[in-house]
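Okay, structure first, notes after.
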Amino acid sequence: MLRRASLLIFVELLRICITMVNTIFIAYIFGATATADIFLLLYNLIFRIGERIRKSINVTFVPVYINYKINTSEAKTVRMKNAFATKMLFFSILGMFVYAISSPYWVKITGFGFVNESRTLAVNLVWILSPVIFFFVAFSICESIFISENRFWIPSISSVFSVLGLLFGILFLVKYINVYGLAVGTTIGTLISVIVSYLFLKRSGLHFSLTLDRWQKDEKIVSERLFPVICSNIILQIVVVVDKIFATHLGEGYSSTLSYAFNISMVIPSIITPAMLTSVLPTVSKNLAEKDYGSFSVLFNRFFKHLSFVIIPICGLLLLLGDSVIQLLLHRGKFDNTALENTVIAFNYYLIGVMAHCFWVFVAGILMSMGKVKYLVRSSLFFLVISIAFDSILMKYLGYIGLPLATSLVFIAQLALFLIFLVKDSRFYGFNGIILHIIKVSIATFCMMLIVLKIKGLIIKTDLVEFSYLYQVLELALLVIIGSASFMFVSRCLKIESMSYIFEVFRRVILRRI
């Protein structure tokens with residue numbers, strides 16, 4: 018599973034790198050303007066909702082599919098797969114048209130700070146982006162079948178085309194049709210993802226076929242889990258963008274700076290968490306299908322420890338180097354000093370809750386695979402309400418700063434509530450080991466931060482303008498290398514379980530090659 022997770026992390030890293038390139042270009046071309054506010058808000062709503070639908074299908078379809086493979090005949094498994102695909106594609110087409118037709122109404126609700134001209138632009142962009150919903154559902158069905166068969170390479174590579182499409186729009190379409198080129202490129206890229214994944218699925222002999230037969234009770238098991246999970250994830254995605262919606266009321270540029278800050282703060286964590294969750298999902302599903310709760314508990318605890326070992330030091334480094342990273346990535350073109358200052362402020366406040374959000378994504382995925390869908394729907398509605406309340410109150414008293422702070426507080430509340438739920442579940446053991454592990458990792462991270470802070474203070478600054486960009490790159494790289502090395506050294510001294518596990522894996526690989 019470590020090799021599987023490494024593969025997924027590599028592909029996710031490629032996808033996130035392209036996403037960051039897209040963000041840099043958008044900031045360079047549009048800066049923190051009303052146009053950037055509109056596109057980024059819609060992109061975060063439509064594209065990210067599509068991503069959440071994709072994850073919802075994975076964590077609900079994969080466990081049921083594996084359960085059918087183990088406990089029923091192949092004919093029933095194929096029938097369930099085809100019926101499920103038909104139903105999902107039908108409802109996605111219906112949802113796509115409803116979403117597009119009703120766009121004037123929800124644009125008025127979500128972008129209540131936009132002027133009339135901006136709302137017209139937003140409605141037009143919605144019509145162009147609306148097919149993304151259907152394409153994501155089709156791609157997700159293909160991906161889930163691959164994952165159920167423990168094949169990860171093809172769906173991972175196919176997912177990269179969605180962000181490549183946006184890059185294509187930036188490089189070749191923006192100069193002709195302005196911001197509409199971004200929407201067209203995104204839609205084309207997502208379509209290519211579907212085509213490539215289905216062609217490989219068909220070539221592997223695993224493809225699904227649409228059926229007009231009456232849906233059987235086999236397929237209802239997936240539907241009963243899936244639709245509440247999708248509703249929960251859509252609500253939670255709205256929770257993520259609530260602060261950007263409120264920011265449209267503050268004036269031009271505030272919503273886009275929040276989007277830039279949030280996207281950068283989630284770059285590294287969004288590579289690690291989904292990859293680890295996807296890699297462990299088939300095994301977890303197999304344990305649940307066989308009612309092997311002991312192995313299930315051991316696996317959950319091990320991966321939670323590994324996740325904390327990666328996420329905590331990353332957040333520590335981002336806290337120290339975030340301002341340098343944002344300046345290096347975005348501070349050029351139409352992205353002026355005001356936008357830079359606002360983005361750095363938002364970034365620092367987002368980091369308060371980013372770590373909690375990463376843990377929550379992992380825990381929520383496990384709960385979905387366990388079928389705890391009613392709990393997820395109720396909790397997502399609760400978080401939406403408190404998100405709106407936090408944003409309203411903190412924006413009133415703290416202004417712009419209150420919006421990212423409110424989002425971080427919601428993330429922390431999400432993780433706390435879900436962990437309390439898991440602690441009460443008798444199938445989970447070893448939480449004391451997890452707590453001790455997190456304490457050790459936090460100590461190692463704190464030592465790393467002290468070392469990096471000391472080295473950063475000793476570095477001599479230069480005023481030579483022609484070398485300023487190169488100097489920033491080298492300084493950032495040096496601090497990251499020193500921070501990583503010091504963290505690994507302290508972790509080894511503290512005998513942290515995850516460090517010992519990684520060290521043992523590398524030792525075996527080296528000895529095998531020798």
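Residue numbers are given in the numbering used here: position 421 of the sequence shown equals residue 438, and the series is strictly consecutive. Glycine included, C-beta positions come from ideal geometry on N, C-alpha and C.
Alpha carbon to alpha carbon, what distance is there between residue j and residue i?
{"i": "E483", "j": "E492", "result": "Residue placement at E483 cannot be trusted, given a pLDDT of 45 that sits under 50; what the coordinates show is reported in the next sentence. Spanning the two alpha carbons is a distance of roughly 15 Å."}
{"i": "I110", "j": "I145", "result": "14 Å"}
{"i": "S179", "j": "T204", "result": "8 Å"}
{"i": "S425", "j": "V257", "result": "10 Å"}
{"i": "T350", "j": "I43", "result": "Note on identity: in this sequence residue 350 is Gly, with Thr being the wrong assignment. Cα to Cα, the separation comes out at about 10 Å."}
{"i": "V301", "j": "F169", "result": "16 Å"}
{"i": "F408", "j": "I262", "result": "Residue identity differs from the one stated: residue 408 is Asp in this sequence, not Phe. Whole-angstrom Cα-Cα distance: 10 Å."}
{"i": "F217", "j": "L208", "result": "15 Å"}
{"i": "G311", "j": "N318", "result": "11 Å"}
{"i": "S119", "j": "K125", "result": "10 Å"}
{"i": "R509", "j": "N195", "result": "52 Å"}
{"i": "E68", "j": "F153", "result": "7 Å"}
{"i": "V342", "j": "A430", "result": "28 Å"}
{"i": "W377", "j": "C34", "result": "23 Å"}
{"i": "Y414", "j": "S296", "result": "43 Å"}
{"i": "V473", "j": "I212", "result": "Contrary to the premise, residue 473 reads as Lys rather than Val in this sequence. Roughly 48 Å separates the two Cα atoms."}
{"i": "F56", "j": "Y367", "result": "21 Å"}
{"i": "I403", "j": "T77", "result": "27 Å"}
{"i": "Y193", "j": "S135", "result": "19 Å"}
{"i": "Y85", "j": "L439", "result": "26 Å"}
{"i": "H348", "j": "Y45", "result": "8 Å"}
{"i": "F244", "j": "S147", "result": "19 Å"}
{"i": "F321", "j": "P121", "result": "43 Å"}
{"i": "I498", "j": "T137", "result": "48 Å"}
{"i": "L434", "j": "F279", "result": "23 Å"}
What would DSSP say about residue i, mapped onto helix, strand or coil?
{"i": "A51", "result": "helix"}
{"i": "T228", "result": "coil"}
{"i": "H374", "result": "helix"}
{"i": "L138", "result": "helix"}
{"i": "S119", "result": "coil"}
{"i": "L267", "result": "coil"}
{"i": "I35", "result": "helix"}
{"i": "D260", "result": "helix"}
{"i": "K86", "result": "helix"}
{"i": "E166", "result": "coil"}
{"i": "I531", "result": "Unreliable placement is indicated for I531, whose pLDDT of 47 sits below 50; the coordinate value is still reported in the next sentence. I531: coil per DSSP, three-state reduction."}
{"i": "K351", "result": "coil"}
{"i": "I369", "result": "helix"}
{"i": "S73", "result": "helix"}
{"i": "S147", "result": "coil"}
{"i": "I472", "result": "helix"}
{"i": "L57", "result": "helix"}
{"i": "L106", "result": "helix"}
{"i": "L188", "result": "helix"}
{"i": "L357", "result": "helix"}
{"i": "L253", "result": "helix"}
{"i": "L243", "result": "helix"}
{"i": "L223", "result": "coil"}
Does the distance from the CB of residue i to the CB of residue j come in under 8 Å?
{"i": "F156", "j": "M113", "result": "no"}
{"i": "S165", "j": "I83", "result": "yes"}
{"i": "A264", "j": "L487", "result": "no"}
{"i": "L516", "j": "G333", "result": "For clarity, residue 516 is Met in the given sequence; the question names Leu instead. The answer is no: Cβ separation not under 8 Å."}
{"i": "T11", "j": "Y277", "result": "In this structure the chain extends from 18 to 531, so residue 11 is not present and cannot be described."}
{"i": "S501", "j": "I468", "result": "no"}
{"i": "L305", "j": "F313", "result": "yes"}
{"i": "I538", "j": "V327", "result": "Outside the shown range of the chain (18 to 531) lies residue 538, about which nothing can therefore be said."}
{"i": "G198", "j": "G182", "result": "no"}
{"i": "C247", "j": "I63", "result": "Looking at the sequence provided, one finds Ile at residue 247 rather than Cys. Going by C-beta atoms, I247 is not nearer than 8 Å to I63."}
{"i": "S397", "j": "L253", "result": "yes"}
{"i": "F352", "j": "S282", "result": "no"}
{"i": "G270", "j": "T50", "result": "yes"}
I'd like the span of the alpha helix (DSSP H) that includes residue i, first residue to last.
{"i": "H323", "result": "310-347"}
{"i": "G220", "result": "The question names Gly, but residue 220 is Arg in the sequence shown. Its alpha helix (DSSP H) spans residues 197-220."}
{"i": "L184", "result": "170-185"}
{"i": "K192", "result": "191-194"}
Is residue i near the ligand NAP, with its Cβ less than 7 Å from a heavy atom?
{"i": "L493", "result": "Of the ligands one can find in the structure shown there are none, so the ligand NAP has no counterpart to examine."}
Identify every run of the alpha helix (DSSP H) within the region 381-469, keeping only runs that are complete inside it and at least 4 residues long; order them along the chain.
For the region 381-469, whole alpha helix (DSSP H) runs of length 4 or above, ordered along the chain, are 390-415, 419-440.
Quick one: complete alpha helix (DSSP H) runs, 4+ long, within the region 272-306?
Within the region 272-306, the runs of alpha helix (DSSP H) that reach at least 4 residues and sit entirely inside it are, in chain order, 284-306.
Entirely within the region 480-516 and at least 4 residues each: give me those alpha helix (DSSP H) ranges in chain order.
Qualifying alpha helix (DSSP H) stretches, in chain order: 485-510.
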